[in-house]
Amino acid sequence: MENKRHFVIDFDSTFTQVEALDVLGEISLANNPKKKEKLQELKDLTDLAMGGKLAFRESLEKRLEILEANKNALPELVEKLKNMVSVSFVRNEEFFKEHRDNIYIISNGFKEVIVPIVSELGVKETNVYANTFSFDKDGNITGFDQDNVLSSNNGKVELLKQMGLKGDVYVIGDGYNDYEIKAAGLANKFYAFTENIERDNVLDKADHITPSLDEFLYLHKMNKAISYPKNRIKVLLLENVHADAVAIMKNEGYNVSTISGALDEDELAEKIKDVSVLGIRSKTNLTAKVLENANRLIAVGAFCIGTNQIDLETCLKKGVAVFNAPFSNTRSVVELAIGEIILLMRNLPDRIAEMHNGEWNKSAKGSYEIRGKKLGIVGYGNIGAQLSVVAEAVGFDVYYYDLVEKLALGNATKCSSLQELFEKVDIVTLHVDGRDENKNMIGDKEFGWMKEGSIFLNLARGQVVDVDALRKHMESGKITGAGVDVFPKEPKTNQDEFESTLRGLPNLILTPHIGGSTEEAQVNIGNFVPGKIINYINTGGTTNSVNFPNLQLPILENAHRLIHIHHNKPGIIAHINKILAAHDINIVGQYLKTNETVGYVITDIDKAYDADVIKELKGIQGTIRFRVLY
34 MENKRHFVID
44 FDSTFTQVEA
54 LDVLGEISLA
64 NNPKKKEKLQ
74 ELKDLTDLAM
84 GGKLAFRESL
94 EKRLEILEAN
104 KNALPELVEK
114 LKNMVSVSFV
124 RNEEFFKEHR
134 DNIYIISNGF
144 KEVIVPIVSE
154 LGVKETNVYA
164 NTFSFDKDGN
174 ITGFDQDNVL
184 SSNNGKVELL
194 KQMGLKGDVY
204 VIGDGYNDYE
214 IKAAGLANKF
224 YAFTENIERD
234 NVLDKADHIT
244 PSLDEFLYLH
254 KMNKAISYPK
264 NRIKVLLLEN
274 VHADAVAIMK
284 NEGYNVSTIS
294 GALDEDELAE
304 KIKDVSVLGI
314 RSKTNLTAKV
324 LENANRLIAV
334 GAFCIGTNQI
344 DLETCLKKGV
354 AVFNAPFSNT
364 RSVVELAIGE
374 IILLMRNLPD
384 RIAEMHNGEW
394 NKSAKGSYEI
404 RGKKLGIVGY
414 GNIGAQLSVV
424 AEAVGFDVYY
434 YDLVEKLALG
444 NATKCSSLQE
454 LFEKVDIVTL
464 HVDGRDENKN
474 MIGDKEFGWM
484 KEGSIFLNLA
494 RGQVVDVDAL
504 RKHMESGKIT
514 GAGVDVFPKE
524 PKTNQDEFES
534 TLRGLPNLIL
544 TPHIGGSTEE
554 AQVNIGNFVP
564 GKIINYINTG
574 GTTNSVNFPN
584 LQLPILENAH
594 RLIHIHHNKP
604 GIIAHINKIL
614 AAHDINIVGQ
624 YLKTNETVGY
634 VITDIDKAYD
644 ADVIKELKGI
654 QGTIRFRVLY
């Protein structure tokens, strides 16, 4: 007979994403002039108690005193908390229904709040153990039932002793008092739940760190809500990727970790070994050497426009799909370009610096309007084309040059060569990618083509401009103003010094690679890229992938989806279908797309399969990667 299993689950910051008393404070202190200070004090007391650094009863008494709450606030609190149940708990509602007799909510919180919330997922009211409020005649919360064991220090341990659960006991929680149950010998294991909060001294005591309920269910072979262990998908996000991206991926059930700066090749080669999804921006280079260690990598997200920092061909050969955000920060770069051109045409960088030094230099010399000036755009892609439209609207005559035939927008004029463009315009702005062929595409010769007194902008890629040549032509006066946002060598973090031969030049705007760094752009990117990666993992769809054959797939319903990535060679799809036919498996739908390197086959089947089918499909010669969706 199987040993009975009991599941002891904490409420605040585990079952819900927040501490209930913190939310009650938002309600009860709404009109208090010291609301901010009191809420911070409330949070600090909670953290001290949950971290085991303050006696629980003392913490609870102080928090209730700060709250000044009334019974009338509790219905609003319950409604707010119903929308704050941890995402992985909601996703796994079936677990609570199936094991309702053996799931216990044991909390130092309050039963009046907890029962209405946990019961919606099927938890029995009789299995909820918590404190209760005490009220005065006007309904003001004055304290708690002092006789309740959970109101005392070490209360959870004492309660478990009284309960005397027979069988295996597993504790899921975020606080030190949850660990104490295991330390007292009353539980088999303590799982530190980190979906909502991480407490270092609690993590140190855990038998297992559990980033979501999915992880716990997977470990105990109880996963019901997801077809494969999403919690086992480890996501590494570098370079301060927007918090929305972190939240989206955590909510999907992935195990997400972040690093604020970039990593060099050796550091990333070490970190990537167990990573399934990598998110980077422009400073991190994903090289062939790094990819040699990336045996679990499924997808890469470039949280920017460019992908030249990624070895796309090696990713493709390893079956790793790459996604970027080709449109999300376009407007931000365009606005910076227009703004810098206006500043440079008015010689404002120098005037601003003089004013800060106490100099008053009121003069119109060297200061010009932009109306009627000729703007030359090198690269007429998403950014170049939008810049063309905006620039024309504010009075520029626009000229452009691109290697690829591009239709002119508005009244823009196409130039047949780079030299023609440089010789014709007053301002040159670069909007090209960083492919190897573009390295030092603008050097001494190209600057020599420009008119005397020209303005020059590089908001594209650092390696496309010879900065020594740019310095030479600025010192000679050939270029009277420049704006540079990108550099051949950039600091890895904000703590490193920026070094460049361009420092100290007059009428030069130097910015730290922030062309696309606006709040709006980062929010757009932070939402766009994770969506593409999640869609790829969940459905196999590769829409907008920069290296994979693009396939837009229907939602999977009542079927299994077999995803087969292979070297592009004849006969693979026939081999797949032969194996399925041999096992009497019917194909509901099949989708194929290839490029010069790989073939990508999606096959939907309508019945169960045995392990031999998977083994044979993986064994097809030329297979790069194979996975199954349910």
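Under our numbering, the first residue of the sequence shown carries the number 34, and numbering increases by one thereafter.
Glycine residues also receive a C-beta, built at the ideal position from the N, C-alpha and C atoms.
Next on the checklist: According to DSSP, simplified to helix, strand and coil, what is Ser-260?
Outcome noted: Confidence in Ser-260 is poor, its pLDDT being 46 and thus under 50, which makes the residue's placement too unreliable to answer from.
Next on the checklist: Can you tell me where the alpha helix (DSSP H) holding Tyr-209 begins and where it ends?
Outcome noted: Looking at the DSSP string, the run of the alpha helix (DSSP H) that includes Tyr-209 is 209 to 216.
Checklist entry - What separation, rounded to the nearest whole angstrom, lies between the Cα atoms of Ala-295 and Ala-327? => result C-alpha separation (whole angstroms): 17 angstroms.
Checklist entry - Leaving out five residues before and five after Leu-154 in sequence, what residues of the same chain have Cβ atoms less than 6 angstroms from its Cβ? => result Answer for Leu-154: Glu-126 and Phe-129, listed in chain order.
Item to check | Whole-number beta carbon distance between Asn-221 and Tyr-209, since they are thought to touch under 8 angstroms | outcome: Contact doesn't hold; Cβ gap of about 19 angstroms is too wide.
Next on the checklist: What residue range does the beta strand (DSSP E) around Ala-225 cover?
Outcome noted: Taken as a continuous stretch (DSSP letters only), the beta strand (DSSP E) holding Ala-225 covers 222 to 226.
Checklist entry - Since Asp-180 sits in a beta bridge, which residues does DSSP pair it with? => result None, per the DSSP bridge assignment.
Checklist entry - If you drop the 5 nearest sequence neighbours on each side, which residues of the same chain put their C-beta closer than 8 angstroms to that of Asp-55? => result The residues are Leu-72, Leu-75, Lys-76 and Thr-79.
Item to check | For Phe-489, the three-state DSSP class (helix, strand or coil) | outcome: Under the three-state reduction of DSSP, Phe-489 is assigned to strand.
Checklist entry - Taking Cβ positions, are Phe-168 and Lys-104 nearer each other than 7 angstroms? => result Going by C-beta atoms, Phe-168 is nearer than 7 angstroms to Lys-104.
Checklist entry - Are Ile-558 and Ala-358 close, meaning C-beta to C-beta below 7 angstroms? => result Yes; because the gap between Cβ atoms is below 7 angstroms, this pair is in contact.
Checklist entry - Mind checking Gln-179: buried by the 16 CB within 10 Å criterion, or exposed? => result It counts as exposed.
Item to check | Ile-570 to Glu-346 span [Cα, whole Å] | outcome: C-alpha separation (whole angstroms): 20 angstroms.
Checklist entry - With burial defined as no fewer than 16 other Cβ atoms inside 10 Å of the residue's Cβ, what is the status of Gly-495: buried or exposed? => result Gly-495 should be labelled buried.
Item to check | First and last residue of the uninterrupted alpha helix (DSSP H) at Ser-121 | outcome: Run containing Ser-121: 120 to 124, per the alpha helix (DSSP H) assignment.
Checklist entry - Counting along the chain, where does the beta strand (DSSP E) carrying Lys-651 start and finish? => result Going by DSSP, Lys-651 is part of no beta strand (DSSP E) but of the alpha helix (DSSP H) stretching over 644 to 651.
Next on the checklist: By DSSP's criteria, Asp-430 is part of a beta bridge. Which residues make up the other side?
Outcome noted: Beta-bridge pairing links Asp-430 to Lys-407.
Next on the checklist: Which same chain residues end up closer than 7 angstroms to Val-366 when comparing Cβ atoms and leaving out the 5 residues on each side of it in sequence?
Outcome noted: The answer, listed in chain order, is Ile-416, Leu-492, Gly-548 and Gly-549.
Checklist entry - For the beta strand (DSSP E) that contains His-132, what are its first and last residues? => result It is not in any beta strand (DSSP E) - His-132 carries neither H nor E in the DSSP assignment.
Checklist entry - What does Tyr-287 pair with, by DSSP beta-bridge criteria? => result DSSP, once it has assigned bridges, lists no residue as partnering Tyr-287.
Item to check | First and last residue of the uninterrupted beta strand (DSSP E) at Arg-38 | outcome: Taken as a continuous stretch (DSSP letters only), the beta strand (DSSP E) holding Arg-38 covers 38 to 42.
Checklist entry - According to the Cβ coordinates, are Thr-47 and Phe-226 closer than 7 angstroms? => result Contact flag set, yes.
Checklist entry - Taking just the CA atoms, how far does Lys-215 sit from Val-51? => result Val-51 and Lys-215: Cα-Cα distance of roughly 23 angstroms.
Checklist entry - Run through DSSP, which three-state label would Val-235 get? => result Looking at Val-235 - three-state DSSP - the assignment turns out to be helix.
Checklist entry - What residues in its chain sit with their C-beta under 7 angstroms from that of Thr-317, if we drop five residues either side in the sequence? => result Cβ within range, chain order: Leu-271, Glu-272, Ala-295, Leu-296, Leu-301 and Gln-342.
Next on the checklist: Taking the alpha-carbon of Glu-325 as reference, which of Cys-348, Ile-313, Phe-336 and Ala-335 has the nearest alpha-carbon?
Outcome noted: Considering only alpha carbons, the answer is Cys-348.
Item to check | Backbone CA spacing between Ser-152 and Met-255 [nearest angstrom] | outcome: Cα to Cα, Ser-152 sits roughly 21 angstroms from Met-255.
Item to check | Start-end ranges of the alpha helix (DSSP H) lying completely within the region 72 to 104, minimum 4 residues | outcome: Positions of the alpha helix (DSSP H) runs, each at least 4 residues long and wholly inside the region 72 to 104, are given as 89 to 100 in order along the chain.
Checklist entry - Mind checking Val-497: buried by the 16 CB within 10 Å criterion, or exposed? => result Buried, because 16 or more other Cβ atoms sit within 10 Å of the Cβ of Val-497.
Checklist entry - Which two residues bound the contiguous alpha helix (DSSP H) that contains Ser-365? => result Residues 363 to 378.
Next on the checklist: Considering just the uninterrupted stretch of the alpha helix (DSSP H) at Asn-610, what are its terminal residues?
Outcome noted: Its alpha helix (DSSP H) spans residues 605 to 615.
Item to check | Close-in-space but distant-in-sequence residues of the same chain around Leu-236 (CB under 8 angstroms, 5 per side omitted) | outcome: Here the set comprises Ala-225, Thr-227 and Ile-242.
Item to check | Range covered by the beta strand (DSSP E) that runs through Asn-542 | outcome: A small fix is needed here, since residue 542 is Ile in this sequence, not Asn. Under the DSSP assignment, Ile-542 falls in the beta strand (DSSP E) whose first and last residues are 541 to 543.
Checklist entry - Can you name, in chain order, every residue of its own chain whose Cβ lies under 6 angstroms from the Cβ of Ala-280, other than the five neighbours on each side? => result Nothing meets the Cβ criterion.
Item to check | Limits of the unbroken beta strand (DSSP E) element including Gly-206 | outcome: Boundaries of the beta strand (DSSP E) around Gly-206: 201 to 206.
Checklist entry - So, is Pro-582 buried or exposed, given that buried needs 16 or more other C-beta atoms within 10 angstroms? => result Residue burial is scored here from C-beta neighbours: Pro-582 has at least 16 other C-beta atoms within 10 angstroms and is therefore classed as buried.
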